[in-house]
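Everything on this sheet refers to the single structure shown next.
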Amino acid sequence: MNIQLTDRVGDIVTAYPKTAEVFKEYRIDFCCGGNKSLLQVIQDQNIAEEDLLKSLAEAAIAPKFDGLNWSELSSSELIDYIIRIHHGYLKTSLPHLSEYVKKVARVHGPHHLELLQVDQWFEALKSDMEHHMEKEEEEAFPAVIDFEKDPTDVKRERLLRILDTLEQEHEGSGDLLRQIREITKNYELPEDACTTFRLTYLKLEELEADMFQHIHLENNILFNRA
2 MNIQLTDRVG DIVTAYPKTA EVFKEYRIDF CCGGNKSLLQ VIQDQNIAEE
52 DLLKSLAEAA IAPKFDGLNW SELSSSELID YIIRIHHGYL KTSLPHLSEY
102 VKKVARVHGP HHLELLQVDQ WFEALKSDME HHMEKEEEEA FPAVIDFEKD
152 PTDVKRERLL RILDTLEQEH EGSGDLLRQI REITKNYELP EDACTTFRLT
202 YLKLEELEAD MFQHIHLENN ILFNRA
């Protein structure tokens with residue numbers, strides 16, 4: 002294990018998946034911001050370098066998520082995993098979570114105005130991701146497989162255009178997640194939070210964690226193969 006300050010954040014998580022938990026703790030974006038070097042994020046966010054490196058070193062020796070080495074999976078295997086695990090999760094969770102967010106905004110919004118904004122941002126995220134997943138499954142993922150089977154310059158140029166659009170959409174989704182976290186003060190619960198309120202914040206944090214891992218697998222591993 003030898004993590005360098007010049008290493009890209011996304012590459013670190015790819016090589017040592019458990020470091021994702023460290024980056025989450027430090028609020029470091031390893032999915033959409035995966036192209037940044039470790040040194041750059043330390044400087045940008047004024048993070049204690051020694052403490053971060055120590056935490057990363059400890060996480061780097063931990064077992065990989067699910068026992069999988071993402072870089073060793075074929076593109077078709079990785080795509081299958083993304084669709085089954087991450088797309089499957091979103092298709093199930095987004096509609097249910099939408100109901101919770103709306104209910105909490107309706108009941109508690111008059112006393113906690115930030116919930117009204119959370120509702121708007123979440124609905125934008127839900128709509129964006131539903132269209133985004135459809136685009137990936139019907140256009141982008143088949144194009145990735147087709148290019149690997151027949152890697153012509155024409156197909157590569159087309160694929161890169163598709164992936165560039167998807168990465169921009171990932172950035173937009175990441176921004177919405179960050180805005181929701183910021184306006185809720187890192188999902189800090191007020192004293193009058195009911196059970197549904199607490200569950201909603203818990204589910205929003207769960208969604209954020211899943212989406213960060215989801216986007217990391219696409220941006221920093223799958224799309225980098227083009």
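Take 2 as the starting number for the sequence shown in our numbering and just add one per residue. C-beta: ideal position from N, C-alpha, C; glycine also.
Taking C-beta separations shorter than 7 angstroms and ignoring five residues to either side along the sequence, the partners of residue 129 in its chain run 170, 173, 174, following chain order. Taking C-alpha positions only, residue 79 is separated from residue 116 by approximately 36 angstroms. As summarised for the segment 78-156, the continuous alpha helix (DSSP H) elements at least 4 residues long and confined to that stretch are 89-109, 115-136, 142-150, given in chain order. The C-alpha of residue 15 is placed about 22 angstroms away from the C-alpha of residue 48.
Setting aside the 5 residues that flank it on each side, residue 23 is surrounded in the same chain by 56, 57, 60, each with a C-beta closer than 6 angstroms to its C-beta; the list follows chain order. Judged by DSSP secondary structure, residue 208 falls within the alpha helix (DSSP H) whose first and last residues are 196-217.
Judged by beta-carbon spacing, residue 35 lies within the 8 angstroms limit of residue 217, meaning their Cβ atoms are closer than that value.
Shortest Cα-Cα distance from residue 93 to any of 131, 76, 155 involves 131. Residues of the same chain with a CB within less than 7 angstroms of the CB of residue 101, apart from the 5 flanking positions on each side, are 197, 200, 201, 204 in chain order. Rounded to whole angstroms, the separation of the alpha carbons of residue 37 and residue 141 is 25 angstroms. Minimum Cα-Cα distance from residue 207 among the listed residues 103, 25, 5, 225 corresponds to 25. Taking a contact as a CB-CB distance under 8 angstroms, the pair residue 53 and residue 82 does not count as one, their CB atoms being some 29 angstroms apart. The continuous stretches of alpha helix (DSSP H) do not include residue 34, and DSSP gives it neither H nor E. If you check the CB distance, residue 223 and residue 76 come in under 8 angstroms.
DSSP, reduced to helix, strand and coil, places residue 226 within a helical segment of the structure shown. Judged by beta-carbon spacing, residue 184 lies beyond the 8 angstroms limit of residue 123, meaning their Cβ atoms are not closer than that value. The Cβ atoms of residue 148 and residue 156 sit closer than 8 angstroms to each other.
Nearest C-alpha to residue 195 among 159, 187, 106: 106. Counted as a single uninterrupted DSSP element, the alpha helix (DSSP H) harbouring residue 59 occupies residues 50-61. In its chain, beyond the 5 residues on either side, 76 have a beta carbon closer than 6 angstroms to the beta carbon of residue 145.
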